[in-house]
Amino acid sequence: MRSIPEIIHYVWLSEEEKPKSISRCLKTWDVLRRNGFLVKQWTANDFDFDTLPAFVQEAYNLKKWAFVTDYLRLKILYENGGVYLDSDIIIKKDISAFMKCNYFTFIEYHKQAFEPFKNLVGEGGIWLTEEHIPGFCLQAAFIGAKKGCQYVKDCLDWYENRHFIEAGKLFQDIIAPDIYAICARKYGFRYKDELQLLDDGIVIYPSCYCAGSLKEADRRNYAIHCCNGSWREWNRIKRVLRNVRLFCYQIVQRRG
Numbered sequence: 173m174r175s176i177p178e179i180i181h182y183v184w185l186s187e188e189e190k191p192k193s194i195s196r197c198l199k200t201w202d203v204l205r206r207n208g209f210l211v212k213q214w215t216a217n218d219f220d221f222d223t224l225p226a227f228v229q230e231a232y233n234l235k236k237w238a239f240v241t242d243y244l245r246l247k248i249l250y251e252n253g254g255v256y257l258d259s260d261i262i263i264k265k266d267i268s269a270f271m272k273c274n275y276f277t278f279i280e281y282h283k284q285a286f287e288p289f290k291n292l293v294g295e296g297g298i299w300l301t302e303e304h305i306p307g308f309c310l311q312a313a314f315i316g317a318k319k320g321c322q323y324v325k326d327c328l329d330w331y332e333n334r335h336f337i338e339a340g341k342l343f344q345d346i347i348a349p350d351i352y353a354i355c356a357r358k359y360g361f362r363y364k365d366e367l368q369l370l371d372d373g374i375v376i377y378p379s380c381y382c383a384g385s386l387k388e389a390d391r392r393n394y395a396i397h398c399c400n401g402s403w404r405e406w407n408r409i410k411r412v413l414r415n416v417r418l419f420c421y422q423i424v425q426r427r428g
């Protein structure tokens, strides 16, 4: 099997200078450069936003960079192949062992967020709802794909005919990790925090390979996601609280 191209892509859309915390993360990528990886920064000048879905254009006009990047990372990988990293990823080890597949990613698991919704997952990790499952999804900050990967195209297609602004309100329903998990279901994805070899050469590694925060760091990690987008974490918390309220309401209705 041909390998994923050894090029690292990251996106920086803001015209502001990178914070020192981001620069420190980018410096850790030197371990990849020493092993032959190229690193390419993508900026707003690299894209014709008028040709992109309305969802992306609307988010871009509002400078909601993270939502814009959710789409752009997929577009970059689909058209070029390689590895996408968020700029706030710390690399701890060489990642060459991940490259011999069509697509790789990692489980993203948040135990406290998942606990109220664990009844939505059945035996063997089968989902029991067509909706996303809070607290259990697929990593979007560190992914790799071959050019033209069908799974990546499936994720891109999710954004077609959707809007970031609906009835005057900003989109807050689900974010990229949830979308990627839903799109992976037809390839055999299960809601289990373990190595999974899916159809069409998709490989999913356990969450410990890519720590979700500095607090979760340990010797098993290849990378750590520092989650500098704290606003996004707050949005995640708000979504979980909203889902908990809905869950409690449904229980009350059943008992009534």
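Here our numbering is used: the first residue of the sequence shown is 173, the next is one more, and so on.
Note that CB positions come from ideal geometry on N, CA and C, so glycine has one too.
Annotated three-state conformation of F219 is coil, per DSSP. DSSP, read as helix, strand or coil, puts W214 in strand. In terms of CA proximity to L249, A312 leads the group Q284, Q229, A312. In this model, M271 and F336 are separated by some 33 Å (Cα to Cα). Secondary structure of F336 (DSSP, three-state): coil.
Spanning the alpha carbons of L246 and L210 requires a straight line of approximately 18 Å. Taken atom to atom, the span from the alpha-carbon of R196 to that of N207 is near 19 Å. Pairing A317 with W237, the inter-Cα distance amounts to about 22 Å. Inclusion of C273 and I347 in the CB contact set at 8 Å is not warranted, their separation being larger than that value.
Apart from sequence neighbours up to five positions away, the residues of its chain that approach R334 with a beta-carbon distance below 6 Å are F227, ordered along the chain. A distance below 8 Å between beta-carbons, with the five flanking residues on each side excluded, links P378 to the following residues of its chain, in chain order: F278, I279, D365, E366, L367.
By the criterion of a C-beta distance shorter than 7 Å, L342 is surrounded in its chain by F336, once the five residues flanking it on both sides are discounted.
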